[in-house]
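Heads up: the sequence shown at position 38 corresponds to 37 in numbering that gives the first Met the number 0, and the numbers run straight through without jumps.
First up is the structure itself, then whatever we jot down about it.
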Amino acid sequence: MLIKNKNGQAWSLDLIIAGVIFLIGIVILFYYAINYSSQSKNQLDELLYEGNLASELILSEEESGILSNGIVNQTKLDFFANLNDTSKRNLIGIKDNFYFVMDNLEINGEPANYVGIINSSETENLIQTTRLTIYKNKPIKFELFAWS
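Structural data, given as structure tokens:
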């Protein structure tokens with residue numbers, strides 16, 4: 000009697016296992032892609048909220064603000080600029096880093112390019128908030144940059 004070799008059955012079982020592994024990989028990739036984009040959008044929304052909140056509070060007449068009678072008060076601006084970075088974030092109640100720029104900005108009588116922590120490294124999430132205000136009796140652009 001002759002015994003037949005059953006290699007064909009093993010080949011089909013290998014094909015089924017490979018297909019199942021491939022489908023599991025596709026499902027995991029799809030699940031990761033959906034959650035990653037949702038998580039990134041939430042981070043960006045939170046950062047945008049904090050940037051708007053920071054610019055609103057800085058350009059206010061509250062304790063944390065630099066305005067008096069709707070105009071930038073140089074004394075308040077100097078005080079805010081001289082705070083350390085943690086105190087600035089705590090004063091306006093945000094957790095992310097930020098800095099702002101204005102045309103012809105002066106701090107303590109010296110020209111300055113910005114107030115806050117300058118972003119020196121590449122970042123994934125960066126937002127810019129632009130508002131108009133009055134500084135040195137001229138309307139100027141107030142630009143706040145925040146990143147996580």
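Even for Gly, the Cβ is constructed at its ideal location relative to N, Cα and C.
Identify which residue in the options has its Cα closest to the Cα of residue i.
{"i": "glutamate 121", "options": "Leu28, Leu66, Trp146", "result": "Trp146"}
{"i": "aspartate 77", "options": "Glu109, Lys40, Ile91", "result": "Glu109"}
{"i": "glutamate 142", "options": "Asn107, Ser54, Asp84", "result": "Ser54"}
{"i": "lysine 140", "options": "Leu104, Tyr31, Leu82, Asn41", "result": "Leu104"}
DSSP on residue i, reduced to helix/strand/coil?
{"i": "isoleucine 15", "result": "helix"}
{"i": "isoleucine 23", "result": "helix"}
{"i": "glycine 50", "result": "helix"}
{"i": "isoleucine 139", "result": "strand"}
{"i": "leucine 76", "result": "helix"}
{"i": "leucine 56", "result": "helix"}
{"i": "leucine 28", "result": "helix"}
For residue i, which residues does DSSP report across the bridge?
{"i": "glutamate 105", "result": "Pro110"}
{"i": "tryptophan 10", "result": "Its beta-bridge partners do not exist; DSSP assigns none."}
{"i": "arginine 88", "result": "Its beta-bridge partners do not exist; DSSP assigns none."}
{"i": "leucine 66", "result": "Val71"}
{"i": "asparagine 96", "result": "Trp146"}
Would you grab the beta carbon distance between residue i and residue j for me? Rounded to a whole angstrom, and I think it's under 8 Å.
{"i": "isoleucine 116", "j": "alanine 80", "result": "Contact flag wrong, Cβ pair sits at about 12 Å."}
{"i": "leucine 125", "j": "phenylalanine 99", "result": "Between phenylalanine 99 and leucine 125 the Cβ distance is about 14 Å, and since that is not below 8 Å, they are no contact."}
Can you confirm whether the segment 130-137 touches the segment 59-71 when touching is taken to mean that 3 or more C-beta pairs between the two stretches lie within less than 8 Å? yes
Contact between the segment 13-23 and the segment 55-64: three or more CB pairs below 8 Å? no
Touch check for the segment 88-96 and the segment 40-49: three-plus C-beta pairs under 8 Å? yes
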